[in-house]
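Numbering (this note's numbering), first residue to last: 4 to 269.
Structural data, given as structure tokens:
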């Protein structure tokens, strides 16, 4: 597989990786300008920057940069001189006796939104969140909804019973959960399942009127006990910016998620 094809595949699957490119060499070096190597977060590599000890160092640096999220350049001195190897921090034990400069470009994971319900509001939410750089996983129990053109912006579309989906999957701590189904019984089924599984998140949002939101919280307290933490439960969902159309509600939801994302809790 070509490097650019692998990059597209990793991005489609929302995987973190680092692309290391040889941008300069001096003297003798194993890699040539333009050589590229991908290192993924699970320590797999694709391509080459020349091989040998320097490639191992570049892989290590790539993993560090994936963790930090910082792109940048680094020069390596390739030498077989023991004194130089002890003295110079970026020296690599190779007999080439040249230098190689690498540009590290980090591609981080997009923040994930689990969107339960692909109705009118769910469709509108996708239009706001996709340009903001979210990876959208749409779950609905209706195939005719998932196949609508208006739901084509979702990165993944999953046809499933909501309880089954929650039971059979593990969820990351840094995802956002937006619950917009076509029935309050489904909404409660979802939030109950997430809480029962002890899913951690900074944002659980549920569409509801004030009365329905209150009833839902009371029911959760009855099911889970009075110590249940509602600090990350946003219901009624969305910032109070006005408007009742699907697009206006979706805008308020996207704004609320952005606010939480950037630590400016509403």
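C-beta: ideal position from N, C-alpha, C; glycine also.
Report yes if the C-beta distance between residue i and residue j is below 8 angstroms; otherwise report no.
| i | j | result |
| --- | --- | --- |
| residue 156 | residue 261 | no |
| residue 2 | residue 122 | In the structure displayed, the chain extends from 4 to 269; residue 2 sits before or after that span and is not available. |
| residue 173 | residue 112 | no |
| residue 39 | residue 56 | no |
| residue 140 | residue 124 | no |
| residue 154 | residue 148 | yes |
| residue 76 | residue 104 | yes |
| residue 203 | residue 176 | yes |
| residue 258 | residue 132 | no |
| residue 107 | residue 65 | yes |
| residue 101 | residue 81 | yes |
| residue 74 | residue 97 | no |
| residue 60 | residue 95 | yes |
| residue 62 | residue 48 | yes |
| residue 6 | residue 54 | no |
| residue 44 | residue 19 | yes |
| residue 205 | residue 263 | yes |
| residue 165 | residue 193 | yes |
Tell me where the beta strand (DSSP E) around residue i begins and ends.
| i | result |
| --- | --- |
| residue 160 | 159-162 |
| residue 209 | 207-209 |
| residue 41 | 39-43 |
| residue 283 | Look at the range of the chain in this structure, 4 to 269, and you will see that residue 283 is not part of it. |
What whole-angstrom Cβ distance do residue i and residue j have, given they're in contact under 8 angstroms?
| i | j | result |
| --- | --- | --- |
| residue 209 | residue 182 | 4 angstroms |
| residue 222 | residue 191 | 7 angstroms |
| residue 242 | residue 234 | Rounded, the Cβ-Cβ distance is 17 angstroms, inconsistent with contact. |
| residue 197 | residue 189 | In fact, because the Cβ distance is near 13 angstroms, the residues do not count as touching under 8 angstroms. |
| residue 128 | residue 21 | With 8 angstroms as the limit, residue 128 and residue 21 do not qualify as a contact, their Cβ atoms being about 31 angstroms apart. |
| residue 35 | residue 25 | 6 angstroms |
| residue 200 | residue 169 | 6 angstroms |
| residue 220 | residue 239 | Residue 220 to residue 239, Cβ: 11 angstroms. No contact. |
| residue 99 | residue 32 | 5 angstroms |
CB of residue i to nearest heavy atom of the ligand PLP: below 7 angstroms?
| i | result |
| --- | --- |
| residue 18 | The ligand PLP is absent from the structure shown, which contains no ligand whatsoever. |
Determine which residues share a DSSP beta bridge with residue i and list them.
| i | result |
| --- | --- |
| residue 77 | 105 |
| residue 118 | 141, 181 |
| residue 110 | 20 |
| residue 204 | Looking at the DSSP assignment, residue 204 forms no beta bridge with any residue, so it has no partner. |
| residue 82 | 96 |
| residue 237 | 208 |
Here's the rule I'm using: 16 or more other beta-carbon atoms within 10 Å means buried, otherwise exposed. How should residue i be labelled?
| i | result |
| --- | --- |
| residue 68 | buried |
| residue 237 | buried |
| residue 226 | exposed |
| residue 325 | Outside the displayed span of the chain (4 to 269) sits residue 325, for which this structure offers no information. |
| residue 58 | buried |
| residue 167 | exposed |
| residue 91 | exposed |
| residue 28 | buried |
| residue 85 | exposed |
| residue 143 | buried |
| residue 30 | exposed |
| residue 126 | buried |
| residue 37 | exposed |
| residue 120 | buried |
| residue 79 | buried |
| residue 265 | exposed |
Start and end of the alpha helix (DSSP H) containing residue i?
| i | result |
| --- | --- |
| residue 27 | No alpha helix (DSSP H) contains residue 27, which is instead part of the beta strand (DSSP E) from 20-29. |
| residue 94 | Looking at the DSSP string, residue 94 is not in any alpha helix (DSSP H); the run it does join, the beta strand (DSSP E), is 94-96. |
| residue 196 | 187-199 |
| residue 55 | 55-71 |
| residue 6 | 6-15 |
| residue 133 | Run containing residue 133: none; DSSP gives neither H nor E here. |
| residue 167 | 165-170 |
| residue 2 | Since the first and last residues shown for the chain are 4 and 269, residue 2 lies out of range. |
| residue 258 | 249-264 |
| residue 148 | 146-149 |
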